[in-house]
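In my numbering, the protein residues as written are 2 to 251. Following: one structure in structure tokens, then a few remarks.
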Amino acid sequence: FQTIDSIQYVKRLSFQLISLSLFPDPSYVLTFSDLHLNKYINLQYLSLRHNTLKELGVGSFQKLFSLRSLDLGNNMIKILKKNTFLGLNSLKALYLDESQIVSIERGCFNGLNQLNILDLRSSKIIHLANDVFNQLSELRLLNFEYSSVQKIESGCFYGLHNLLTLDMGSNDLTILTNETFAGNIKKLSRLNLQRNKIHTIGKGAFLQLPNLKHLCLENNPITKGVLINRAFFESLGILLPKSVVYFSNC
């Protein structure tokens, strides 16, 4: 690694596949101490994609105050612990897709007050607890596509006041209650729920989304073999916000 005098000016850094290039032993598990990340105090873009990271310690990134984009996709991380991302006050985009994540602790996203994009595609998460995202008041996009989510607790989306797009396509959801989307996500305009296992929808499930425009529900048991339009929802007694104009091609 370079000396600290030159490292401090680096703004963009990629450590993709570093575990293969620097540590040829295939059984070696990459750790943050191998990377000396806190020396890169002006870093803005960091990719640790395609590695063998198994754990993110509390405060792993606490000195990367200028970081705007962090890519941790395609690693072996299973648990996102409380206060993992403390110090990343400037972060706008966080990519955790294609990892082995099974659990998100409350308080995991503490300190991410400027985050706009959170990508958790292809995770192993089954249950989304309430208040798990309540620190992310500036989030615009939340992506859980191709994951394993079966249940969303009431209040899960509490605090996401600026959320515009929620992608829950290709999960294992079966029921949408009147409280599933509670949490003051009133700015949400695009909701993808296609390719789940949804067979029951509460009559008021979507009424807390007054700005919803795009609603995708294709390839669910409740919509199989029928034309998805406003009349279809009315036939089931499901109420929709007047703002909804698109039902497919999300």
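Quick reminder that beta carbons are idealized off the backbone N, C-alpha and C, glycines included. Keep in mind it's a predicted model, so treat the numbers as computed, not measured.
| Item | Value |
| --- | --- |
| DSSP bridge partner residues for His-200 (one or two, in chain order) | BP columns for His-200 are empty, so no partner. |
| Coil, strand or helix - Ser-20 by DSSP | Confidence is the limiting factor: at Ser-20 the pLDDT is only 48, short of 50, which leaves the residue's position unreliable, though a coordinate-based value still follows. Three-state result, Ser-20: helix. |
| Assigned secondary structure, Phe-122 (DSSP; H/G/I helix, E/B strand, else coil) | It is worth fixing the name first, because residue 122 is Arg in this sequence and not Phe. Note: Arg-122 maps to coil in three-state DSSP. |
| Proximity below 8 Å, CB of Phe-248 to CB of Leu-216 | yes |
| Cβ neighbours of Thr-178 in the same chain (closer than 8 Å, five flanking residues each side left out) | Ser-155, Gly-203 and Ala-206 |
| Three-state secondary structure (DSSP) of Asn-43 | coil |
| Spatial neighbours of Pro-211 in its chain, beta-carbon cut-off 6 Å, leaving aside the 5 residues before and after | Lys-187 and Pro-242 |
| Nearest-angstrom Cα separation, counted from Phe-145 out to Ile-223 | 21 Å |
| CB contact flag (Asn-117, Leu-140, <8 Å) | yes |
| Three-way DSSP call (helix, strand, coil) for Arg-191 in this model | strand |
| Contact check, Ser-138 vs Asn-172, beta carbons under 8 Å | no |
| Buried or exposed (CB count within 10 angstroms, at least 16 for buried), Asn-76 | buried |
| Between the CA atoms of Asn-52 and Pro-131 - distance to the nearest angstrom | As written in the sequence, residue 131 is Asn, which differs from the Pro given in the question. Those two C-alpha atoms are separated by around 31 Å. |
| Ala-94, enclosing beta strand (DSSP E) - first and last residue | 94–96 |
| Ser-253 classed as buried or exposed, judged by whether at least 16 other C-beta atoms fall within 10 angstroms | Here the chain comprises residues numbered 2 to 251, so residue 253 is not present and cannot be evaluated. |
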